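Asks:
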Amino acid sequence: DAGLMWFRRDVRSEDNAALYHALKQCRRVWCAFVFDSAILEPLRARGLHADRRVEFIHESLIDLDEQLRALGRSNGVEGVGLIVRHGTAVEEIPRLAAQLGVQAVFANHDDEPYARARDAQVLGALAHAGAVLHTYKDHVIFERREILTGNGRPFTVFTPYKNAWLKALTGYHLKAYPVERYADALAPCPATHPPGVPALEALGFVRTNLRELKVRTGSRGARALFEDFVTRIEHYHQARDFPAVKGPSYLSVHLRFGTISIRSVAAVAHDLHRQGLAGATAWLNELIWRDFYHQILANFPHVGAGKAFKPEYDAIRWERGKHAEALLAAWREGRTGYPLVDAAMHQLNRTGYMHNRLRMVVASFLTKDLGLDWRWGEQYFADHLIDFDLAANNGGWQWAASSGCDAQPYFRIFNPVSQSEKFDPQGKFIRRYLPELATLPTEALHAPWLAKPADLQAAGVVLGRDYPTPIVDHAAARARTLERYAVVKKV
Ligand code: FAD
């Protein structure tokens, strides 16, 4: 009758499926989080000691610890809190379960291949000691094989998936788990296992510019962001494509780490969608894309193992060698000579976030203008996005590379200049991230190499000195891409 709640990508106490079940089923429940060295050590080994995600989790755990203490106190129990361990989860969780004498560990599903393998190992180790691992759906509205085609297969096309998703949805799927109702089962931490979050430095990491960026962490931060977004949601469908505008919700990092419940935000969006608010319908659509890519990863795990969703696309020959590496470095560092692409990469490098329209633009540019393997871009995003999520990131990259399910057809190639003219018409976003071009007149900003010499001179900009000339010619690259992708038709 004693249980251990193991938090992973669900860093909140409110409306948490596994926590609810633990508290309901057990008379005494302890809560734990493991800073998994199997994830952190490879980052450190690659010199990534300053990682915004590690800092985000760290701050959010402090918030979670406070939430648990307050929940305990409101039930008259002092000494409740979060037990934090640093080591491999595969060793730490069974050890903690044995030390605390619990018979059951509770956690929420995580369908990433690494997590599935880890959970299978934890389950085995617990079973060895006579304990069990109970897991629950929490991270998405519908998961795994819950939404299937008439033939009982997973959907691979978004629109019919969305229609089936909306049809299957009932109030039950959006209902919050009333954790508070059973919170009196939260047990005080024993003296051998005091609650509290160790310092970031004790984990071998240092602070990033997260605070400077005013990124709001924890459930408190998520709630504030969502409340702000709800006041703007009616304009979402019109504003979402313009990176200079505060259009989207900026909730991705919170949805990634579960500092906000997907049910709570989907319930609001669904309500407003039913009232006919076009912005809410568009936003709900994005949440459904999120579920869609999660079920793709769960049902087609090869996509998470570096393979194209459509195997014939693995026959494509990408650029390789020194020249390709130089192109990759220019893309990463925002030195391609295409202002919108470069500004987007600066946004990623400086903040860990990139606007959705720009993720599509830079991914298309990497694969279809530079002819580079989408996996190279996927990896760079995985290392730098604060909201990095394997399912969504892989889905996005394979969409752009045309190798994914329901992807952009391969012959549809974004023109980085017209994307810039259309989605940053006044050049506000470009000017924000490329101050060296700030004084150029707007019509020259999207393609400076075509600018009138007088305009460049008046702005004091010398191409090749202050800002690069384009590293590829878009029209020529387009022709090469069509040739490169021709192999797909031959397979
Ligand atoms: P909003 O526009 O407010 O959307 C609300 C939420 O819906 C997001 O927070 C996110 O959880 C979900 N969402 C939105 N668009 C998508 C989508 N296309 N696929 C899946 N979920 C979506 N999103 C990530 O969360 N992590 C990633 O690693 C990631 N990598 C991407 C890589 C590429 C190449 C592309 C094209 C897209 C990627 N996306 C990723 C999807 C999308 O760009 C981000 O979710 C979005 O920009 C986050 O900003 P927001 O929270 O303000 O979004």
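Residues 9 to 499 in the UniProt record's numbering are what the sequence shown lists, from first letter to last.
Virtual Cβ for every residue (Gly too), placed ideally from N, Cα, C.
None of these values were measured; they are calculated from a predicted model.
1) Any chance the region 451-469 sits against the region 397-404, with 3 or more Cβ pairs inside 8 Å?
2) Could you tell me if K330 is buried or exposed, where buried requires 16 or more neighbouring beta carbons within 10 angstroms of its beta carbon?
3) Taking the straight line between their C-alpha atoms, what separation do you get for H66 and A230?
4) Any chance the region 245-258 sits against the region 43-59, with 3 or more Cβ pairs inside 8 Å?
5) Going by C-alpha distance, which of V425, I304 and M362 is nearest N402?
6) Does the CB of I394 have a neighbour CB from chain C at under 8 Å?
7) So, are the CB atoms of P206 and G87 less than 8 Å apart?
8) Check L393 in the structure and name its three-state DSSP category.
9) If we ignore side chains and look at the alpha-carbon of each, how far apart do D481 and D322 end up?
10) CB G345 to CB R488, shorter than 8 Å?
11) Count the other CB atoms, across all protein chains shown, that sit within 10 Å of the CB of V412; report buried if there are 16 or more and exposed otherwise.
12) Report the rounded CA-to-CA distance for F150 versus L471, giving the unit in angstroms.
13) Does the Cβ of R298 lie closer than 7 Å to at least one heavy atom of the ligand FAD?
14) Might you give, ordered along the chain, the residues of its own chain that have their beta carbon closer than 8 Å to the beta carbon of S75, omitting 5 neighbours on each side?
15) Going by the beta-carbon positions, is the gap between Y441 and A351 smaller than 8 Å?
16) How far does the alpha helix (DSSP H) with L76 in it extend, from its first residue to its last?
17) Report yes or no: do the region 490-497 and the region 418-428 share at least 3 C-beta pairs separated by less than 8 Å?
18) Curious, which full-length beta strand (DSSP E) runs of at least 3 residues does the region 117-160 contain?
19) Have a look at the DSSP bridge pairing and note the partners of P114.
20) Per DSSP, which residues does C39 bridge with? Please list them.
21) Taking C-beta to C-beta, are R124 and K183 nearer than 8 Å?
22) Rounding to the nearest angstrom, what Cα-Cα distance links R282 and V276 in this structure?
23) With 16 other CB atoms within 10 Å as the buried threshold, where does K376 fall?
24) Please report how far the alpha carbon of C34 lies from the alpha carbon of V110, in whole angstroms.
25) Name, in chain order, the residues that DSSP records as bridge partners for P162.
26) Using only alpha-carbon positions, find the residue among A191, R439, R16 and Q107 that is nearest to V62.
27) Could you give the DSSP three-state label for D381: helix, strand or coil?
28) Going along the chain, which residues of its own chain have a beta-carbon closer than 6 Å to the beta-carbon of residue 501, five neighbours each way excluded?
29) Give the single residue among G284, F437 and A467 whose Cα lies nearest to the Cα of H363.
30) Which word fits H117, buried or exposed, when buried means at least 16 other C-beta atoms lie within 10 angstroms of its C-beta?
31) Skipping 5 residues on each side, what residues in its chain have a beta carbon closer than 7 Å to that of L134?
32) Is R219 near A232, with beta carbons less than 8 Å apart?
33) Please report the straight-line C-alpha distance between D391 and A408, rounded to a whole angstrom.
34) What did DSSP end up calling G342 once you bin it into helix, strand or coil?
35) With DSSP as the reference, label G412 as helix, strand or coil.
36) To the nearest angstrom, report how far apart L464 and L448 are at their CA atoms.
Replies: So, from the data block:
1) no
2) exposed
3) 15 Å
4) no
5) I304
6) Any reference to chain C falls outside this structure, which holds one protein chain only.
7) no
8) coil
9) 26 Å
10) no
11) Reading off the sequence, residue 412 comes out as Gly, not Val. It is buried - the Cβ of G412 has at least 16 other Cβ atoms within 10 Å.
12) 51 Å
13) yes
14) Checking the sequence, you will find Gln at residue 75 rather than Ser. So the list reads R20, S21, E22 and S227, once near-sequence residues are dropped.
15) yes
16) R60 to S82
17) yes
18) 140-144
19) According to the sequence displayed, residue 114 carries Phe and not Pro. F114 is bridged to M13 and H142.
20) M13 and L90
21) no
22) 10 Å
23) buried
24) 10 Å
25) L156
26) R16
27) coil
28) The question about residue 501 has no answer here: the residues shown for the chain are numbered 9 through 499.
29) F437
30) buried
31) P102, A105, V113, V140 and L141
32) no
33) 19 Å
34) coil
35) coil
36) 7 Å
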